[in-house]
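Colleague: Heads up: the sequence shown runs through residues 2 to 74, numbered per my numbering. Ideal Cβ positions, reconstructed from N, Cα and C, are used throughout, including at glycine.
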Amino acid sequence: MNFSLSIDFNQLKSLITQCGIEEKVEIIRILEKDTFPLRFNHLLNKIRSNELTLEEITAEVEAVRKKRYDAKR
Numbered sequence: 002m003n004f005s006l007s008i009d010f011n012q013l014k015s016l017i018t019q020c021g022i023e024e025k026v027e028i029i030r031i032l033e034k035d036t037f038p039l040r041f042n043h044l045l046n047k048i049r050s051n052e053l054t055l056e057e058i059t060a061e062v063e064a065v066r067k068k069r070y071d072a073k074r
């Protein structure tokens, strides 16, 4: 059996404020899962840069690895 209910945004906010903490956390998880692709693409667009080459990235990774390896000794 399916039900449908129409409420406006303010009514939704009011309902959420009446929820307990567990329900609010579950709502957050649902929203995070639902909006992840959008937020991830926004992050990618924000950090996307053509300024670094693959060689520069590889050199930096190797330098960090060496520093970490030397620190362990």
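Between the beta-carbon of I31 and the beta-carbon of I17, is there less than 8 Å?
Modeller: Result no, Cβ atoms of I31 and I17 do not sit closer than 8 Å.
Colleague: Pull up the distance between the alpha-carbon of E52 and that of D35, whole angstroms please.
Modeller: Those two C-alpha atoms are separated by around 32 Å.
Colleague: How is the alpha helix (DSSP H) around I33 delimited, first residue to last?
Modeller: What sits at residue 33 in the sequence shown is Glu, not Ile. Note, E33: alpha helix (DSSP H), I22 to I48.
Colleague: Can you tell me which of the three DSSP states D9 falls into?
Modeller: Reduced to three states, the DSSP call for D9 is coil.
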